Amino acid sequence: MILFQFTRSHTDHHEYCEACGQRLPAPGGYGDKQPNRIGIAISVALHVLVALYFLFGPKHKIVLTPPAKEGDMVWVAPLPKEKPSKPKAQPQPEQKLTPRKTQPAKITPRIVPQRHNPNAITQVEIPEQPRTPQPPAKLTPPPPQVEDMQAMIEAARRRRGAVPSAEAAPESDDDRARRIARANIMGAQGRSANGERNETGGIFDVTNKTFNSADVKFRGWNTNFKRQWLQQVHVEVNGEADIETAVVKKMIELIRKEKPGDFEWESHRLGKVVRMSARKDDEAELAAFLMKEMFPEYRRAR
């Protein structure tokens with residue numbers, strides 16, 4: 008950058024600037040050097056108005072609030088209520104109690120009519136007789152109780168002159184305990200109360216059951232050995248629909264060996280003894296019954 012030591016000046020009345028070479032304006036070309044009278048007048052007028060406002064303006068500022076709009080809530084302080092003065096209770100005059108005069112009851116003397124004519128017929132006064140208490144009603148005795156058969160037999164023997172049989176002695180606690188224990192032992196051995204062997208019946212049990220095989224156990228009475236015998240048969244599905252159907256058919260086969268006709272089944276599901284048939288004609292009914300007894304939750308697959 009080149010700086011010149013000469014600046015633009017109008018003192019040397021040159022037409023071109025010696026520094027930059029531009030043409031210089033003619034002297035007096037920037038306007039007249041006279042004051043602006045209109046601007047001075049406006050400024051003076053504004054100052055005068057401001058001074059007059061402060062001198063003659065209102066001293067107290069009045070603020071006007073706009074009217075309340077619809078929906079605005081205006082609280083009005085209630086007037087204090089005057090407490091009503093309690094009326095003074097006036098004392099009531101005391102009432103004087105006047106004692107009542109009790110008059111004694113007048114006793115009227117009983118006037119006994121006098122008989123003026125002694126020969127006249129009058130009603131004879133009969134003295135009242137005392138009432139005698141009635142005897143209580145007699146209850147009819149109940150009919151005599153019918154004697155039992157043993158008493159009738161003893162009475163017939165007495166009439167015939169026969170010697171009466173000795174009365175049975177009452178059962179003691181020890182005899183009763185022995186009788187119950189003997190009955191329990193007979194029941195556990197499969198005998199009746201007379202000691203006879205019960206050679207019928209049995210118990211079925213299904214174990215090791217899977218989807219294609221199971222074990223059927225039958226505890227029954229073996230007539231050859233005269234004792235309880237356990238039979239265990241392994242059952243497989245083979246051509247049956249499922250293992251449950253195969254087990255039921257095997258049970259029917261074992262039942263027919265013991266009871267080919269009618270037999271009694273003790274149902275724990277029904278809580279009673281049911282009479283069933285093991286005949287060929289009743290096989291469908293027996294199979295449906297055994298299916299419910301052995302497999303209560305069985306549902307045939309569709």
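Residue numbers for the sequence shown, in this note's numbering: 8 to 309.
Yeah, the Cβ is synthetic: ideal placement off N, Cα and C, and Gly gets one too.
Remember, predicted model here, so these are calculated numbers, not experimental data.
Exclusion of the five residues before and after S284 leaves D269 as the residues of its chain whose Cβ lies within less than 6 Å of its Cβ. Taking C-beta atoms under 8 Å as the contact rule, V240 and A253 fail to qualify, at a distance of about 11 Å.
Below 8 Å, enough C-beta pairs join the region 208 to 218 and the region 247 to 267 to call them touching: three or more.
Under the three-state reduction of DSSP, Y60 is assigned to helix. Out of V255, K256, G246 and K266, the CA that lies nearest to the CA of G227 is found in K266. In the displayed model, V83 falls within coil according to three-state DSSP, outside both helix and strand.
Judged by DSSP in its simplified three-state form, T214 adopts strand. Under a 10 Å Cβ-count criterion, I45 is classified as exposed, with fewer than 16 other Cβ atoms of the shown protein chains found around its own Cβ. Secondary structure at H54: helix, using DSSP grouped into helix, strand and coil.
Around the beta carbon of K257, 16 or more other beta carbons lie within 10 angstroms, which makes this residue buried. In the DSSP assignment, E89 falls outside any alpha helix (DSSP H), carrying neither H nor E.
Taken through DSSP and simplified to helix, strand or coil, R44 comes out as helix. C-alpha of F302 to C-alpha of D182: approximately 45 Å in a straight line. DSSP places R276 in no beta strand (DSSP E); its state is neither H nor E.
If you draw a straight line from the Cα of E273 to the Cα of A163, it comes to about 47 Å. Taking the Cα of V244 as reference, the smallest distance to any Cα among V255, W236 and Q238 is reached at V255. DSSP, read as helix, strand or coil, puts A285 in coil. A158 has its alpha-carbon roughly 11 Å from the corresponding atom of R165. Assignment of F302 by DSSP, reduced to helix, strand and coil, places it in the coil class. The C-alpha of T217 is placed about 20 Å away from the C-alpha of Q238.
As the crow flies, the alpha-carbon of E290 is around 22 Å from that of S220.
Between D249 and the set V213, R307, H54 and P85, the nearest pair of CA atoms involves R307. If you check the CB distance, E271 and R286 do not come in under 8 Å. In this structure V55 is exposed. Its beta-carbon is surrounded by fewer than 16 other beta-carbon atoms within 10 angstroms. The DSSP-derived three-state label of V242 is strand.
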